[in-house]
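A.B. asks: Pasting in a structure now, in structure tokens, and then I'll have a few things to ask.
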Amino acid sequence: MTVSRTTRVALVLSVILFAASLRQDAFCVSGICSDWQGWSILLFGALGHTSWFANPLLGVSWIATLFARRIPALILSLAALALAGSFIFETSVITNEAGMANPITGLREGYWLWLASMVFAVIAAFFARKVPVKL
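The sequence shown begins at 229 in the working numbering and counts up one residue at a time.
Have a look at this one:
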């Protein structure tokens, strides 16, 4: 048994989009857009905002999808998408060790790639099912 082709394609696209988001700026604070690339948010983001927790949910949903656990994968990927999407409505974020919040002045391509990765994880989870191996 293996996962369906649709699931594999969507899962690979999700991983590729996630990896691409790591090299892009995610958001702008106080008009400065070049300080927060995705990789730095992945390393330190748990200190600044709860939407960061979409990352571990996404990773676990990928694993559940690989094992064709459709319902857990769908729940995890939808929760990841909801957490990631919640960042759109935020007006400020903590970006320094002092814990002072700075106003968010824009969202950049890294955020949108990250969000697209979550969407493809939902699609992969939706189509996750075991298919018989053809000999």
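In this text, a Cβ means the ideal position worked out from N, Cα and C, and glycines have one as well.
Could you check whether Ala349 and Ser289 sit closer than 8 angstroms to each other, using their CB atoms as the reference points?
C.D. replies: Their beta carbons are under 8 angstroms apart, which means Ser289 touches Ala349 by this criterion.
A.B. asks: How far does the beta strand (DSSP E) with Ser385 in it extend, from its first residue to its last?
C.D. replies: No information on residue 385 is available, as it lies outside the stretch 229 to 363 that the chain covers here.
A.B. asks: Along the beta strand (DSSP E) that carries Arg335, what are the first and last residues, could you check?
C.D. replies: According to the sequence provided, residue 335 is Leu. The question's Arg does not apply to it. Per DSSP, Leu335 belongs to the beta strand (DSSP E) from 329-335.
A.B. asks: Output needed for Ala296: all residues of its chain with C-beta closer than 7 angstroms, excluding positions within five of it in sequence on either side, in chain order.
C.D. replies: If we look at Ala296 and ignore the five residues flanking it on each side, its Cβ neighbours are Val231, Ala356, Arg357, Lys358.
A.B. asks: Run the CB neighbour count on Ser258, radius 10 Å, all protein chains shown included, and call it buried at 16 or more, exposed below.
C.D. replies: Exposed is the call here.
A.B. asks: Thinking C-alpha only, which one of Gly287, Ser314, Phe315 is nearest Leu302?
C.D. replies: Of the listed residues, the one whose Cα sits closest to Leu302 is Gly287.
A.B. asks: Taking the alpha-carbon positions, what's the Ala254 to Ser314 distance?
C.D. replies: Going from the Cα of Ala254 to the Cα of Ser314 covers about 14 angstroms.
A.B. asks: For the beta strand (DSSP E) holding Phe255, just list the boundary residues, first then last.
C.D. replies: Looking at the DSSP string, the run of the beta strand (DSSP E) that includes Phe255 is 255-257.
A.B. asks: Rank Ser320, Ala238, Phe246 by C-alpha distance to the C-alpha of Leu335 and give the top, closest one.
C.D. replies: With distances taken between Cα atoms, Leu335 lies closest to Ser320.
A.B. asks: Measuring CB to CB, does Leu271 end up less than 8 angstroms from Ala308?
C.D. replies: In this structure, Ala308 does not lie closer than 8 angstroms to Leu271 by Cβ.
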